[in-house]
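Student:
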Amino acid sequence: MKLSLCTLFYLIFIYISIPGFIYAEDKSSETIDFDFEIPEVEKKPYSFNAEFKISETIKGFDEDSLLFQQRYPNGNDDDTFYQTDLNLKVEGSYQVSIVKLYARLNGDLYYNDDEDWENDRRTEEAYISFLPGPSITLDAGKKVLKWGKGYAWNPTAFFSRPKDIEDPDATLEGYYVVTGDLIKSMDGVLKTIALTPVILPVSRHINDEWGMERDTIWGGKIYFFAFDTDLDIMFLSGEEVEDRFGIDFSKNISANFEIHGEAAIVLDHVKYITDQQGNLTEKKYDAINFLLGIRYLTSHDTTYIFEYFRNGQGYSSDEMEDYFTLIEDGYQDYISSGSMADLGTSRQYGSQFYNQQTVMKDYLYLKVSQKEPFDILYFTPSVVCIYNINDKSGSITPQITYTPITNLELELKATFLLGKDYTEFGEKLNDYKVYAAVKYYF
Amino acid sequence: MKKILLIVFMSLCISAPAFALDGNEMLKKVDRNLNPESYEMYRKLIDIEPDGSKKEFVMYAVKKDKEKMASVFLSPASEKGRSTLRIGENMWLYIPNVGKPIRITSLQSVTGGVFNNSDIMRLDYSLEYNCEKVEATDKGHILHLKAKTNTVAYDRLKMWVYGKRLLPDKIECFASSGMLIKTIYYKKVKDFGGGIVRPAVIETDSPLYKGYKSIMIFAKVKAKDLPDEVFTLNYMSKVEGLRQ
């Protein structure tokens, strides 16, 4: 059933992807009647938007990898994992005078062999805004605050959940905050200064990802626009959290060449490190994270995004080797004695600390995309490479997006993981992943 | 008699520069005839493919002074809420899903298709170009324009300006290599009220996209006073709120 669904999915994709197939009628542009009416000029107090997506994900298990052995110590009947997702994202707003309500809901219904049919629903954003004038705004509720200039990583995004490095543009779920903007524009060298204060309350009922104790986290960002450069300075502070300070910038060196960077220091960061026997130790230190990147557009409409990320909170090669040894020894124990003790410990550490994206210290990210090659409008092929400098492992993802019809977007990508034993990408659960999606906006 | 002829000749020679066409002044008049310095407007962008299929986008845009412009897409649903900001040669794009402004370049295209960001967020021609030569024709003039800096999307423009109103009729856009990138045609002069009489339709074709055509239709162009704070990164997600 899954194979036939998958085949059908690809046939639809290929069929729609061939330009001209569905528009076979020959029409000269001179004969087209233009609609000179623009109904959208009439403003309505409400707006509603939705996005429906059907996607199929296929992962090829790497049965020799340590994370496969950690998760499936008894092996798995299938060497391939299939998941079908039906996703609906709905957003709406309503404005009366200076008060605006906004909400974005995300619901996912998915099927895979491990879990059968499951669903996941969440309110990504829901807040009220007071908009007395362009220079002042006040927001209260669940809101996403995306700070930083990096594309793949944002070490200064203090109030955000981590991005999915495989889909950095995906929407995120916000936190409950009170925030706002105070903006002042000026003539002269300093053209804009904007202040964004943030208050994030923590309790057992809201924002419990930040801790279970009642706390108030304070933060803020000051933005400057001067010398054609964007500059932000930001901070976050609270009783129960690690205080952090950051700075970011972005500037166009020329019309087609942009540079950006971010740096953050996390004070008294606590890193949990396991040894080969599963003994957990704490290491407290001031962690420095930073990112440098460029965007470059060639005369042939090829865009390069290249970034280097230093993750000061990440693990060194030696620390990761200890973790991998713990899994391997635990697996051997299980095979020889049936004891799950060490493997269970490694699973616990994996879910809490180690089995995350960008878990080590130094990474490179490269995305090369070509706008509309072969005169095919709205067609963008691209390739994404992620490279772990510390253990020389990585991934490569060729992908295409195509929007042949207004509001219909097709996406196809394949990710191949490359790395030797005891490396981050070499030991992941799967060694390839294919993802196809059809997205419709209305 | 000779003295009279000499005086007439000399006076003609002296007065000639006063009648000479100042291309840059003419360009400034073209700018003001196209729109007030600060204004709001709606635009429909239509991309037409060789097979006749169309894609339409509707934008609301505001401009202030010489170098500030902001716009937001109202439709289609896939683009709704995308806003752009331009301050001089600095351009940013805000995508609601991404949730933060990113810097873009003038040659990129927010929508795909033949229009690029520079076309969509166009500032006054006189801000970006110097007129090097004015050529008189039967119907009007041809202005030969050269970009003031290398950050401008097109290195040279050839602008046909016709009629008493000094409105452009056609513009050819060239790369620094001399290659023709696109041709812009101004059509259907319309009275928008408030003294604004300008072409309501801009049509574009490009030898780089053979058979493709783009149309831009203007509506509700009117002068508007706007605070400077509207043209900031923090305000990009709220541009649509300026509509009345």
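Going line by line, the protein sequences match chains L and V. Under the working numbering, the first residue of the first sequence carries the number 80, and numbering increases by one thereafter. Under the working numbering, the first residue of the second sequence carries the number 973, and numbering increases by one thereafter. Note that CB positions come from ideal geometry on N, CA and C, so glycine has one too.
(1) Nearest by alpha-carbon distance to residue 258 of chain L: which of L:279, L:252, L:509, L:272 is it?
(2) Could you tell me whether the Cβ atoms of residue 1045 of chain V and residue 1051 of chain V are closer together than 8 Å?
(3) Please state the DSSP three-state secondary structure of residue 1043 of chain V.
(4) What do you get for residue 365 of chain L, buried or exposed, if any count of 16 or more other CB atoms within 10 angstroms of its CB means buried?
(5) Whole angstroms are fine: how far does the CA of residue 484 of chain L sit from the CA of residue 106 of chain L?
(6) Could you pull the DSSP bridge partners for residue 1073 of chain V from this structure?
(7) With distances taken Cα to Cα, identify the nearest neighbour of residue 357 of chain L among L:373, L:311, L:405.
(8) Just the chain L side, please: which residues come within less than 8 Å of residue 1046 of chain V by C-beta, in chain order?
(9) Curious, which full-length beta strand (DSSP E) runs of at least 3 residues does the region 200-229 of chain L contain?
(10) Helix, strand or coil for residue 1050 of chain V? Go by DSSP, reduced to three states.
(11) Return the Cβ separation of residue 1172 of chain V and residue 1160 of chain V in integer angstroms, given the expectation that the two are a contact with Cβ distance under 8 Å.
(12) Applying a beta-carbon distance threshold of less than 8 Å, which residues of chain L neighbour residue 1142 of chain V?
(13) If you run the structure through DSSP and keep just helix, strand and coil, what is residue 1120 of chain V?
(14) Excluding the 5 residues preceding and the 5 following residue 512 of chain L in the sequence, name in chain order all residues of the same chain whose CB lies nearer than 6 Å to its CB.
(15) Select from L:330, L:448, L:467, L:157 the residue whose C-alpha is nearest the C-alpha of residue 457 of chain L.
(16) How big is the Cα-Cα spacing for residue 1121 of chain V and residue 182 of chain L?
(17) Below 9 Å between beta carbons is the criterion; list the residues of the region 445-458 of chain L that meet it against any residue of chain V, in chain order.
(18) Does the Cβ of residue 378 of chain L have 16 or more other Cβ atoms within 10 Å, making it buried, or fewer, making it exposed?
(19) Do the CB positions of residue 230 of chain L and residue 172 of chain L come within less than 8 Å of each other?
(20) How many angstroms separate the CA atom of residue 111 of chain L from the CA atom of residue 442 of chain L?
(21) Return the bridge partner residues of residue 1058 of chain V from the DSSP annotation.
(22) Give a yes or no on whether 8 Å exceeds the smallest Cβ distance from residue 521 of chain L to chain V.
(23) For residue 410 of chain L, name the three-state secondary structure that DSSP assigns.
(24) Do residue 1016 of chain V and residue 997 of chain V come within 8 Å of each other at the CB atom, strictly closer than that value?
(25) So residue 1199 of chain V contacts chain L; which residues on that side make the cut at Cβ distance below 8 Å?
(26) Checking the sheet assignment: what are the DSSP bridge partners for residue 436 of chain L?
(27) Going by DSSP, name the residue or residues bridged to residue 131 of chain L.
(28) Assuming residue 1092 of chain V is part of the alpha helix (DSSP H), what are its boundary residues?
(29) Starting from the C-beta of residue 326 of chain L, find all residues in its chain whose C-beta is less than 6 Å away, skip the five residues before and the five after it, and write them out in chain order.
(30) Chain V partners of residue 63 of chain L, CB-CB under 8 Å?
(31) Using a C-beta to C-beta distance shorter than 7 Å, which residues of chain L count as neighbours of residue 1057 of chain V?
(32) Quick check: is the beta carbon of residue 480 of chain L nearer than 8 Å to any beta carbon in chain V?
(33) Quick check on the DSSP output: the alpha helix (DSSP H) that includes residue 150 of chain L runs from which residue to which?
(34) Answer yes or no: does any C-beta atom of chain V fall closer than 8 Å to that of residue 485 of chain L?
(35) Write down the C-beta distance between residue 518 of chain L and residue 242 of chain L rounded to the nearest angstrom, noting that I regard them as a contact closer than 8 Å.
(36) Check residue 1192 of chain V in the structure and name its three-state DSSP category.
Tutor: So, to answer that:
(1) L:279
(2) yes
(3) strand
(4) exposed
(5) In this predicted model, residue 106 of chain L has a pLDDT of only 38, less than 50, meaning its place in the structure is not dependable; the value taken from the coordinates is given anyway. So the alpha carbons of these two residues sit roughly 17 Å apart.
(6) V:1066
(7) L:405
(8) 119
(9) 215-222
(10) coil
(11) 5 Å
(12) Simply none; closest approach about 17 Å.
(13) coil
(14) 138, 494
(15) L:448
(16) 44 Å
(17) 450, 451, 454, 456, 457, 458
(18) exposed
(19) no
(20) Here residue 111 of chain L scores only 47 on pLDDT, less than 50, and its place in the model is too uncertain to base an answer on.
(21) V:1041, V:1063
(22) yes
(23) helix
(24) no
(25) 212, 213, 214, 264
(26) Beta-bridge pairing links residue 436 of chain L to no other residue.
(27) L:167, L:519
(28) 1089-1092
(29) 312, 342
(30) Residue 63 of chain L falls outside the range modelled here, since chain L spans only 80 to 521, and no answer is possible.
(31) By Cβ distance, chain L contributes nothing, its closest Cβ being about 10 Å from residue 1057 of chain V, past 7 Å.
(32) no
(33) 145-150
(34) yes
(35) With 8 Å as the limit, residue 518 of chain L and residue 242 of chain L do not qualify as a contact, their Cβ atoms being about 19 Å apart.
(36) strand
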